[in-house]
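Chains as they are written, first to last, in our numbering: chain E, 0 to 225; chain D, -12 to 274. Glycine included, C-beta positions come from ideal geometry on N, C-alpha and C.
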Amino acid sequence: MTPLLDVKDVQAGYGDMRVLHGLSLHIGAEESIGLFGPNGHGKTTLLKTISSLVRPTAGSITFDGIDITGRKPPAIVEAGLIHAPQGNTLFGNMRIAETLELAAFSKRASNGAQKRLDEVYALFPRLAERKTQLAKTLSGGERQMLSIGCALMCAPRLLMLDEPTLGLSPRLKEELGAAIGEISKSGVPLIVVEQDIEFLLSHRPAISGGAWRRRARDRPRERARP
Amino acid sequence: MDTLLATLVSGLVLGSLYALMASGLSLVWTTLGVFNFAHGALMMVGAFIAWTVSEAVGAGPVAGVVAGTLGAGLIGIVIERLVIRPFYASRNMLLVTAMTTLAVTIILERGAQMIWGPRLKQLPPLVDGEIRLFGNAISAHEALLLVAAPVILIALWRFTVSSKIGRSLRAVGQNQDSAALIGVDVPKAFALAFAISAALAGLTGALLGSIRFITPAMGSEPLTKAMIVVIFGGLGSLGSTAGAAYLIGFIEAFLVLWVGLYWTPFALFLLMILVLLLRPNGIFGKR
Chain E
0 MTPLLDVKDV QAGYGDMRVL HGLSLHIGAE ESIGLFGPNG HGKTTLLKTI SSLVRPTAGS
60 ITFDGIDITG RKPPAIVEAG LIHAPQGNTL FGNMRIAETL ELAAFSKRAS NGAQKRLDEV
120 YALFPRLAER KTQLAKTLSG GERQMLSIGC ALMCAPRLLM LDEPTLGLSP RLKEELGAAI
180 GEISKSGVPL IVVEQDIEFL LSHRPAISGG AWRRRARDRP RERARP
Chain D
-12 MDTLLATLVS GLVLGSLYAL MASGLSLVWT TLGVFNFAHG ALMMVGAFIA WTVSEAVGAG
48 PVAGVVAGTL GAGLIGIVIE RLVIRPFYAS RNMLLVTAMT TLAVTIILER GAQMIWGPRL
108 KQLPPLVDGE IRLFGNAISA HEALLLVAAP VILIALWRFT VSSKIGRSLR AVGQNQDSAA
168 LIGVDVPKAF ALAFAISAAL AGLTGALLGS IRFITPAMGS EPLTKAMIVV IFGGLGSLGS
228 TAGAAYLIGF IEAFLVLWVG LYWTPFALFL LMILVLLLRP NGIFGKR
């Protein structure tokens, strides 16, 4: 079976600084993985490279059998490969409802946008309560919900979440964890980047762990099956 | 009383003019984070294109205004492509593009001088006749400007608030990466914002072309005023820019009455410096 996402020997970085030194990773259509490791080990860079915010200098990325290496970000979103970035402030001067409506921007996502909007509000009732609030006035947890909500509005076929629980209280973490579990159960494959291994492990069945180790050639070491 | 009303009307005309100019400048600033110093030159080119189509070709002033608007918009797309897009990733984008757009201004002004020559030109008014406003006679063309400016500003505002494309422009202005991650084509959004802004400048030039003379340097004074307006308003929303435009228009009209034409620019700048000292984020900007 061909994997849904296949990252092969990817090298990428910022200017002269190379962060990924030939990294490979693949994920099947039915699975979800977690990536963990300390700061500065290229987890975020990997996601940025997959979503093409950072252009790889070598290697290839295939999504659903199609080579997407070096394609523009909108083309990747159109294909359904969605990245919810870290510590997201989104669009500070936009209201929640406006942001979520806008997030269904791609042609593919505009189909059934209303249904997905209802689903997002059902998943995060707090967003429904604050529809007209500006994003910059939201708390960290609410921003994270909005960020994930936006990603869901893009109609993801594979969803990459970058540290969804960064800086959140244990209670909010629990709440978000449950929501992420729901998303996984609804059949969307996930790649979740976390520093909090406890969080990832507590959501096994939904997310299988994958360790990240810094080596001469960075690559995920292994994927422990639950 | 008559002088007061006449001054108010004159302020309203100036305010409409500045609002049209400054809204385009502000759109580029909020979307791209770039100050377009070629905005005045684009206005001038719009006026010359309008003159060519209307007078030299003989297609009439309405066709002239349309051609001036579209022509300036197209040139805007070319400018964005050639001298702004290559510097998106540059850390000094603001400074570099200040220089490149200044260079474009010089090219456009010299180019206009070569193409259209030094003779003063003027467009016929879009509508003939006079209209009485508060007991003052103003030309129907100026009255048209008074109506057109708010209509265009409201249309632009509705576009950025309600339409998908307009919202995507605001999104790009607030967070480029996040906009790209929901599928917005950021370079395309930049080009569109620049095109709309340039078209607005061209339209202003074409309308102004029958009030003032069309010369290669005609854009520099409105550009300075539009910059004052945008900074005065607080470098932000369309609403504050429009508000500041009318405020500056009225202030200028009254300054002309009180201190005379000669000292008015000086007094305006002095006022702007004072406002920025007291409210560093502009008169409508949030503290």
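| message | With a threshold of 7 Å on Cβ separation, who are the neighbours of Q132/E within its own chain once the five nearest residues in sequence on each side are excluded? | response | As a position in the first sequence, residue 132/E is number 133, starting the count at 1. Result list for Q132/E: R94, I95, in chain order.
| field | Distance between E193/E and E162/E (C-alpha atoms, nearest Å) | value | The sequence position of residue 162/E within the first sequence is 163, counting from 1. The sequence position of residue 193/E within the first sequence is 194, counting from 1. Their backbone Cα atoms lie some 5 Å apart in a straight line.
| said: Across the region 146 to 156 of chain E and the region 105 to 113 of chain E, are there enough close Cβ pairs to call them in contact, namely three or more that are closer than 8 Å? | reply: The answer is yes - the region 105 to 113 of chain E touches the region 146 to 156 of chain E, with three or more Cβ pairs under 8 Å.
| Rounded C-alpha distance that separates G27/E from T1/E | As a first step, residue 27/E must be located in the first sequence, where it is residue number 28. As a first step, residue 1/E must be located in the first sequence, where it is residue number 2. Taking the straight line from one Cα to the other gives about 7 Å.
| query | Taking only beta-carbon atoms, is P72/E less than 8 Å away from chain D? | reply | Counted from its first residue, the first sequence places residue 72/E at position 73. Yes, because at least one Cβ of chain D sits closer than 8 Å to the Cβ of P72/E.
| message | Quick check on this structure: which residue in G64/E, G140/E, E173/E, P55/E has the alpha carbon closest to the alpha carbon of G166/E? | response | Position 167 of the first sequence, counted from the start, is the residue given in the question as residue 166/E. Proximity to G166/E across G64/E, G140/E, E173/E, P55/E peaks at G140/E, based on C-alpha coordinates.
| field | Among A142/D, N268/D, V53/D, Y233/D, nearest to G2/D - alpha-carbon criterion | value | Along the second sequence, read from residue 1 onward, the residue named residue 2/D stands at position 15. Of the candidates A142/D, N268/D, V53/D, Y233/D, the one whose C-alpha sits nearest the C-alpha of G2/D is Y233/D.
| Where DSSP assigns a beta bridge to K108/D, which residues make up the other side? | Position 121 of the second sequence, counted from the first residue, corresponds to residue 108/D. Bridge partners of K108/D: I201/D.
| What residues from the region 78 to 97 of chain E come within 9 Å of chain D, judged by C-beta to C-beta, listed N to C? | Here the close residues are I81, H82, A83, P84, N87, T88, L89, F90, G91, N92, M93, E97.
| task | Evaluate the contact criterion for the region 51 to 71 of chain D versus the region -9 to 1 of chain D: three or more CB pairs, one atom per stretch, below 8 Å. | result | Counting Cβ pairs under 8 Å, fewer than three are found: no touch.
| Proximity to M80/D [Cα-Cα], best of P48/D, F253/D, F22/D, R119/D | Reading the second sequence from its first residue, position 93 is the one you call residue 80/D. Of all alpha-carbon atoms in P48/D, F253/D, F22/D, R119/D, the one lying nearest the alpha-carbon of M80/D is that of F22/D.
| Where I81/E sits in the DSSP three-state scheme | Your numbering for residue 81/E matches position 82 in the first sequence. In this structure, I81/E counts as strand in the three-state DSSP scheme.
| request: Could you work out which residue in A83/E, T56/E, S50/E is closest to I67/E when comparing CA atoms only? | output: To locate residue 67/E, count along the first sequence from 1; it is residue 68. With distances taken between Cα atoms, I67/E lies closest to S50/E.
| request: Under 9 Å between beta-carbons, which chain D residues line up against V76/E? List them in chain order, please. | output: By one-based count along the first sequence, residue 76/E stands at place 77. For V76/E, the chain D residues whose C-beta falls within less than 9 Å of its own C-beta are A167, L168, I169, G170, V171, listed in chain order.
| message | 8 Å is my cut-off, CB to CB: does S168/E come that close to chain D? | response | As a first step, residue 168/E must be located in the first sequence, where it is residue number 169. For S168/E, the answer is no, since every Cβ of chain D falls outside 8 Å of its Cβ.
| Do the region 45 to 65 of chain E and the region 116 to 124 of chain E touch if we need at least three Cβ pairs shorter than 8 Å? | Segments in contact, no.
| field | Short-range partners of chain E found in the region 147 to 158 of chain D, where Cβ spacing is below 9 Å | value | Within the region 147 to 158 of chain D, contact with chain E at the beta-carbon level (separation under 9 Å) is assigned to V148, K151, R154, S155, R157, A158.
| Min CB distance S59/E to chain D below 8 Å | Translated into the one-based positions of the first sequence, residue 59/E becomes position 60. Not a single CB atom of chain D sits nearer than 8 Å to the CB of S59/E.
| field | Distance, G206/D Cα to V0/D Cα | value | Against the second sequence, residue 0/D aligns to sequence position 13. Against the second sequence, residue 206/D aligns to sequence position 219. For V0/D and G206/D, the distance between alpha carbons rounds to 17 Å.
| Is R274/D helix, strand or coil when you go by DSSP? | Looking up residue 274/D in the second sequence gives position 287. Only weak support is given to the placement of R274/D: the predicted model assigns it a pLDDT of 49, under 50, and the question is left unresolved by the model.
| task | Count the other CB atoms, across all protein chains shown, that sit within 10 Å of the CB of E128/E; report buried if there are 16 or more and exposed otherwise. | result | Taking the first residue of the first sequence as 1, we reach residue 128/E at position 129. Taking all protein chains in view, the Cβ of E128/E is surrounded by fewer than 16 other Cβ atoms within 10 Å, so the residue is classified as exposed.
| field | Neighbour flag for D164/D against chain E, beta carbons, 8 Å | value | Translated into the one-based positions of the second sequence, residue 164/D becomes position 177. It does; some Cβ of chain E falls within 8 Å.
| task | Under the assumption that S(-3)/D contacts A240/D (Cβ atoms under 8 Å), give the Cβ distance between them as a whole number of angstroms. | result | Taking the second sequence and counting its residues from 1, the one referred to as residue -3/D is at position 10. Taking the second sequence and counting its residues from 1, the one referred to as residue 240/D is at position 253. Sure, about 4 Å apart at Cβ, within 8 Å.
| said: Under 8 Å, with one C-beta from each stretch per pair, do the region 254 to 270 of chain D and the region 27 to 37 of chain D reach the 3-pair mark? | reply: Output reads no: the region 27 to 37 of chain D does not touch the region 254 to 270 of chain D.
| request: Report the residue from G176/E, L199/E, L189/E whose alpha carbon sits nearest the alpha carbon of L80/E. | output: Within the first sequence, numbered from 1, the residue matching residue 80/E stands at position 81. Measuring from the Cα of L80/E, the nearest candidate turns out to be L189/E.
| Whose C-alpha, out of A127/D, I139/D, V65/D, is nearest the C-alpha of R119/D? | Locating residue 119/D in the second sequence gives position 132, where the first residue counts as 1. Selected option, being the one with the closest Cα: A127/D.
| With DSSP run on the structure shown, which of helix, strand or coil describes R145/D? | Taking the second sequence and counting its residues from 1, one reaches residue 145/D at position 158. DSSP places R145/D in helix when its eight states are reduced to three.
| query | What do you reckon, are the CB atoms on P55/E and Q113/E nearer than 8 Å? | reply | Your numbering for residue 55/E matches position 56 in the first sequence. Your numbering for residue 113/E matches position 114 in the first sequence. No, they are not a contact pair.
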